[in-house]
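Q: Chains as they are written, first to last, in this note's numbering: chain A, 1 to 412; chain B, 1 to 412. Yeah, the Cβ is synthetic: ideal placement off N, Cα and C, and Gly gets one too. Dropping a structure here in structure tokens format, bear with me for questions.
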């Protein structure tokens with residue numbers, strides 16, 4: 001059976017040879033890295049770029065680099081680079097702060113852009129920080145948060161009508177990997193005059209998001225997952241051009257001022273997306289992200305999407321063949337699947353630890369999820385087969401029940 | 001006359017040889033760098049530390065570094081290191097976000113900690129971002145911002161009485177370098193039951209701030225000035241231990257949750273200073289700051305303060321001797337001077353540019369300030385004399401009036 005799968009992996013890798021970008025990454029030998037949806041791998045050019053920032057730009061040129069190396073322009077320059085991957089024309093994305101901070105800006109600004117409307121709608125299964133900061137921003141602005149699954153959102157949006165200020169959703173569920181219907185939710189919100197915000201953390205760089213084409217209003221996302229920007233890489237904020245003049249975000253800082261060096265006592269927001277900036281950005285991290293994005297040079301996200309679906313689809317084939325009784329939490333329908341496959345297993349924590357010991361790195365998510373992310377840029381179908389085979393070995397051998405894997409490390 | 005000054009520089013450098021830490025920094029040849037109050041110089045260990053983070057921690061160990069390298073603990077670990085420089089016992093400082101974002105947290109939290117009190121007091125000459133974000137936070141919380149100089153603050157605070165929620169000041173004026181009376185303003189605020197916040201951007205690392213000793217409530221500051229953390233290094237937030245349980249800051253993010261990996265749907269703030277955290281921090285920048293702080297190993301800030309006062313005092317001596325008509329904006333009284341000397345000159349912009357061309361790097365601040373920062377760690381009295389002599393050459397030669405120096409570059 002495995003020989004059939006092996007032949008199939010070989011064929012699929014041949015079919016997709018044109019999108020094999022592994023040579024653009026530095027990866028440890030012998031590891032199948034299925035956690036690029038948590039921390040992307042290191043692109044080849046980053047180390048040299050960061051060394052140049054440290055040695056030459058900072059160490060030698062010091063303060064002059066603000067102009068010479070255009071440090072000042074980095075947030076909008078990197079923002080445009082990210083924008084190109086999510087279907088945003090230039091001038092609509094800024095690289096700044098964290099996803100959480102950017103979502104706070106969005107919810108408060110949306111309340112101000114839709115005065116008199118009472119509700120912000122979001123997914124109860126959102127990544128927790130989205131829930132926390134949405135609740136916090138709602139508290140500050142008098143909005144009420146209502147929790148509705150993205151699948152049920154269009155119907156609920158129609159009911160809410162002009163009571164709805166903002167529908168704020170993740171385009172891919174961080175736990176199950178389900179890809180939600182961004183166009184449908186967006187259309188429903190617009191039909192009642194509300195705004196939408198999409199969290200792109202688990203979709204940017206692996207599938208076409210087409211923000212402009214779908215007339216999305218607002219979006220946020222992080223730089224350290226599929227974008228490979230490095231640990232805690234700065235996040236980004238998208239504000240559609242038509243909304244920028246009205247985007248009145250609460251974190252008024254000098255980097256977002258119309259004339260930052262005039263040192264004016266009163267705040268006046270910059271024209272355009274620069275008003276999403278706040279304080280001085282962490283440039284080592286931001287310029288590492290910029291260098292990392294070069295891994296996307298001459299790459300069409302639609303081609304990456306095709307490769308990603310082939311990888312996850314093939315992994316599902318492997319599971320069907322090798323572990324037919326396993327419960328898969330991720331939709332099998334291509335149109336409803338992001339770039340990950342999640343498995344429900346009561347021993348999920350131990351399964352993940354045992355897989356890591358075998359060189360297959362995924363992660364555990366509460367309560368019972370083995371989460372395996374498939375970055376299409378540096379994974380092959382051969383890697384996918386190996387991951388499936390190691391999973392078979394773990395489960396057949398009961399390795400996940402061994403105390404060294406099953407006992408939860410102290411989590412702070 | 002200059003030979004007297006030369007001899008004096010030699011004597012002072014001999015007297016202060018014990019605090020000459022230039023060997024801990026990488027600095028370009030031939031440059032007298034008087035802009036460490038804008039971007040600190042590169043400490044020697046940083047490049048290797050950052051390379052290790054990129055190559056080994058990120059590139060080889062990938063997601064495992066969250067535990068192995070304790071990335072998760074970096075904000076509080078680096079926070080404690082900064083705390084040691086500003087007189088804060090461990091557990092009260094967290095490295096996170098930007099100064100602007102941290103000040104937003106502080107003002108909103110202060111409004112919640114002092115309900116019913118109406119006023120936040122701040123300096124009209126504050127660095128603009130402090131004014132902007134204080135106004136923004138006041139708007140969101142119903143506070144009224146009143147502008148009063150720190151010199152007049154104690155009297156005004158007494159008048160305001162229980163109308164005052166928060167007095168928020170910078171300990172050193174970013175333009176003039178005046179060091180304000182932190183203990184007096186703090187005592188006055190406490191006498192009426194209000195809170196104080198101090199912005200330490202221009203004092204941390206060059207003079208003893210003694211937050212705990214003066215019973216300061218809240219403080220913020222950046223990592224990239226005298227702390228030498230690199231361009232846009234993450235900022236920090238101090239919340240005195242006695243206030244931490246009540247510190248209800250508006251940016252609820254998963255990094256500040258009591259049980260961040262439990263993925264609970266409801267926010268519950270972490271115990272202690274960790275509740276000041278928000279999203280995933282930019283680790284390359286934060287770990288560069290951590291490595292940079294090693295330049296402070298075995299250094300007593302009080303000794304740096306003595307060296308700093310000697311450097312700025314000697315620079316004032318040089319000006320008195322060489323340029324007696326120059327208008328100095330910085331107080332001559334040691335007790336009222338930070339670690340910079342600012343000169344008022346109608347051609348200030350051109351003076352700064354002409355000085356840079358001669359290898360003396362300071363900066364211009366609106367409207368007429370030549371701002372010269374004296375980081376005591378890497379400057380000698382000989383450097384100070386050279387700066388004064390180059391200034392004489394610029395002014396005597398009218399170099400600052402040359403078009404290539406006097407004409408303002410386009411400022412975005």
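When the cut-off is 8 Å and only beta carbons count, does residue 251(B) lie next to chain A?
A: yes
Q: On the premise that residue 363(B) lies in contact with residue 371(B), defined as a C-beta separation below 8 Å, what is that separation, rounded to the nearest angstrom?
A: 5 Å
Q: Residue ranges of each beta strand (DSSP E) run of no fewer than 3 residues wholly in the region 51-117 of chain A, ordered along the chain?
A: You should have 93-95.
Q: For residue 133(A) versus residue 252(B), is the C-beta spacing smaller than 8 Å?
A: yes
Q: Using the C-alpha atoms, what's the distance from residue 138(B) back to residue 108(B)?
A: Residue 108(B) and residue 138(B): Cα-Cα distance of roughly 7 Å.
Q: What whole-angstrom Cβ distance do residue 169(B) and residue 150(B) have, given they're in contact under 8 Å?
A: With a Cβ gap of about 5 Å, residue 169(B) and residue 150(B) count as contacting.
Q: List the residues of chain A whose Cβ lies closer than 9 Å to the Cβ of residue 104(B), in chain order.
A: 250, 251, 252, 253, 278
Q: If you run the structure through DSSP and keep just helix, strand and coil, what is residue 267(A)?
A: coil
Q: I need the DSSP call for residue 249(B), collapsed to helix, strand or coil.
A: coil
Q: Just to make sure I have the definition right: I need the residues of chain B whose C-beta is within less than 8 Å of the C-beta of residue 63(A). Which are they?
A: 35, 38, 39, 361, 363
Q: Pick helix, strand or coil for residue 180(A), following the three-state DSSP scheme.
A: coil
Q: Buried or exposed, going by whether 16 or more other CB atoms sit within 10 Å of the CB of residue 259(B)?
A: exposed
Q: In chain A, what lies closer than 8 Å to residue 32(B) by C-beta?
A: Near residue 32(B) there are no residues of chain A at all, since even the closest Cβ is about 12 Å away, more than 8 Å.
Q: Use the C-beta contact count for residue 68(B): other C-beta atoms within 10 angstroms, 16 or more gives buried, fewer gives exposed.
A: The C-beta of residue 68(B) has fewer than 16 other C-beta atoms within 10 Å across all chains shown, which makes the residue exposed.
Q: CB-CB under 8 Å to residue 304(B), same chain, minus the five flanking residues each way: which ones, in chain order?
A: 19, 205, 206, 207, 376, 377
Q: If you reduce the DSSP assignment to three classes, tell me which class residue 257(A) lands in.
A: strand
Q: Taking beta-carbon pairs under 7 Å, can you tell me which members of the region 122-141 of chain B lie near chain A?
A: Within the region 122-141 of chain B, the residues whose Cβ lies closer than 7 Å to some Cβ of chain A are 124, 128, 129, 131, 132, 133, 135, 136, 140, listed in chain order.
Q: Quick check on residue 411(A): does DSSP put it in helix, strand or coil?
A: The predicted model places residue 411(A) with a pLDDT of 47, which falls under 50 and marks its position as unreliable; any figure quoted below should be read in that light. In this structure, residue 411(A) counts as coil in the three-state DSSP scheme.
Q: At a cut of 8 Å, does the region 266-284 of chain A reach the region 260-279 of chain B through at least three beta carbon pairs?
A: no
Q: For chain B, is any of its Cβ atoms less than 8 Å away from the one on residue 377(A)?
A: no
Q: Please classify residue 24(B): is it buried, with 16 or more other beta-carbons within 10 angstroms of its beta-carbon, or exposed?
A: buried
Q: Taking a contact to mean a Cβ-Cβ separation below 8 Å, would you say residue 146(B) touches residue 119(B) in this structure?
A: yes
Q: Rounding to the nearest angstrom, what Cα-Cα distance links residue 114(B) and residue 195(B) in this structure?
A: 8 Å
Q: Between which two residues does the beta strand (DSSP E) carrying residue 405(B) extend?
A: First-last for residue 405(B): 403-406, but that is the alpha helix (DSSP H), not the beta strand (DSSP E).
Q: Which residue comes first and which comes last in the alpha helix (DSSP H) that contains residue 157(A)?
A: 153-160
Q: Verify whether the separation of the beta carbon atoms of residue 336(A) and residue 179(A) is less than 8 Å.
A: yes
Q: So which residues on chain A does residue 169(B) lean against when the C-beta distance must stay under 8 Å?
A: Neighbours of residue 169(B) on chain A: none; closest Cβ ~15 Å, over 8 Å.
Q: Any C-beta of chain A sitting closer than 8 Å to the C-beta of residue 75(B)?
A: no
Q: To test your reading of the DSSP string, which unbroken beta strand (DSSP E) runs of 3 or more residues are found completely within the region 191-224 of chain B?
A: 195-199, 218-221
Q: Using a C-beta cutoff of 8 Å, does residue 97(B) count as contacting chain A?
A: yes
Q: Looking at chain B, which residues of the region 342-354 of chain A have a Cβ within less than 7 Å of any of its Cβ atoms?
A: none
Q: Can you name the start and end residues of the beta strand (DSSP E) that residue 364(B) belongs to?
A: Note, residue 364(B): beta strand (DSSP E), 363-365.
Q: Determine contact between the region 308-320 of chain A and the region 78-95 of chain A, defined as no fewer than three beta-carbon pairs at a distance below 8 Å.
A: The region 308-320 of chain A, when compared against the region 78-95 of chain A, does not touch it at the 8 Å Cβ threshold.
Q: Distance check for residue 197(B) and residue 30(B), CA to CA, integer angstroms please.
A: 40 Å
Q: Give me the residue from 242(B), 234(B), 271(B) with the minimum Cα distance to residue 88(B).
A: It is 242(B) whose Cα lies nearest to the Cα of residue 88(B).
Q: Quick one: which unbroken alpha helix (DSSP H) runs of 4-plus residues sit fully inside the region 339-396 of chain B? Chain order, please.
A: 348-357, 381-396
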